[in-house]
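Participant: Taken in order, the sequence shown gives residues 690 to 830; the numbers are from this note's numbering. If you scroll down you'll find the structure; I have some questions about it.
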Amino acid sequence: MKKTASAIWEGGIKDGKGRLSTESGALKQNPYGFNTRFEGSPGTNPEELIGAAHAGCFSMALSMMLGQENLTPERIDTIAEVTLDKQGDGFAITAVHLTLKAKVPGATEEQFKEIANKAKAGCPVSKVLNADITLDATLLS
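Take a look at the structure:
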């Protein structure tokens, strides 16, 4: 399976503007730039998109792994906080912190945390990131 996304960039780093699109059309010419990445202006940025991809990937991996234990999640709510740090002459994504709250009928706390940690390590986005990935997992009753 292969999926595509594209970026168009016009101009210099600080005054330039870009547009992001995805094959599915979920993003279509979405604006991004220095201001949306570093100054909090409206629009998206690469780190936010990596966070969304990681939260989605992890949630699906967790659902699959719970199912392998005959557990069906009622709800999985994941937030991915991506850290971009200055390193040398550039920047690097150094960490992703996943905050998970899930309602999984029949799961014990120990079982839930064990499966959540396996999902954190096993989801394809986790595997591609060269970052410290941490997890806070809460099983809701």
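For glycine and all other residues, C-beta sits at the position ideal for the given N, C-alpha and C. No experiment lies behind these values; they were computed from the predicted model shown.
Three Cβ pairs or more, each shorter than 8 Å: is that satisfied between the region 760 to 767 and the region 783 to 796?
Facilitator: yes
Participant: Since I believe R708 is in contact with N719 (beta carbons under 8 Å), could you give me their beta-carbon distance rounded to a whole number of angstroms?
Facilitator: Within the sequence shown, numbered from 1, the residue matching residue 719 stands at position 30. Within the sequence shown, numbered from 1, the residue matching residue 708 stands at position 19. Correct: roughly 6 Å between the Cβ atoms.
Participant: Pull up the distance between the alpha-carbon of L760 and that of A796, whole angstroms please.
Facilitator: In the sequence shown, counting from the first residue as 1, residue 760 sits at position 71. In the sequence shown, counting from the first residue as 1, residue 796 sits at position 107. About 7 Å.
Participant: Pop quiz: T783 and D821 are said to be a contact at Cβ under 8 Å. What is the actual Cβ separation, rounded to whole angstroms?
Facilitator: Residue numbering aside, residue 783 sits at position 94 when the sequence shown is read from its first letter. Residue numbering aside, residue 821 sits at position 132 when the sequence shown is read from its first letter. Indeed, because the Cβ distance is near 7 Å, the residues count as touching under 8 Å.
Participant: Note down, one range per segment and in chain order, each alpha helix (DSSP H) of at least 4 residues found wholly within the region 704 to 760.
Facilitator: If one requires a minimum length of 4 residues, the alpha helix (DSSP H) runs lying completely within the region 704 to 760 are 723 to 727, 735 to 757, in chain order.
Participant: Sorted by chain position, which residues of the same chain lie with C-beta nearer than 6 Å to L716's C-beta, five sequence neighbours on each side aside?
Facilitator: In the sequence shown, the residue the question calls residue 716 occupies position 27. Contacts found: L709, S710.
Participant: Can you say whether G740 is buried or exposed, counting buried as having 16 or more other CB atoms within 10 angstroms of its CB?
Facilitator: Here residue 740 corresponds to residue number 51 of the sequence shown, with the count starting at 1. Result: buried.
Participant: Let me know if G714 comes out buried or exposed under the rule of 16 or more other beta-carbons within 10 Å of its beta-carbon.
Facilitator: Counting from 1 along the sequence shown, the entry for residue 714 is found at position 25. G714 is exposed by the Cβ-count criterion.
Participant: Quickly, what does DSSP pair S830 with across the bridge? List them, please.
Facilitator: On the sequence shown, residue 830 is found 141 positions in, with the first residue counted as 1. Paired residues: none, contrary to the question.
Participant: Please look up how many angstroms separate the CB atoms of A750 and G811, rounded, as I've assumed it's under 8 Å.
Facilitator: As a working note, residue 750 is residue 61 in the sequence shown. As a working note, residue 811 is residue 122 in the sequence shown. Taking 8 Å as the upper bound for CB-CB distance, A750 and G811 are in contact here, some 6 Å apart.
Participant: I'd like the list of long-range same chain contacts for F780, defined as Cβ closer than 8 Å, with 5 residues on each side in sequence excluded.
Facilitator: Here residue 780 is taken as the residue at index 91 of the sequence shown, counted from 1. L773, D774.
Participant: Alpha carbon to alpha carbon, what distance is there between Y721 and L755?
Facilitator: The residue you call residue 755 lines up with position 66 of the sequence shown. The residue you call residue 721 lines up with position 32 of the sequence shown. Between L755 and Y721, the C-alpha separation is close to 37 Å.
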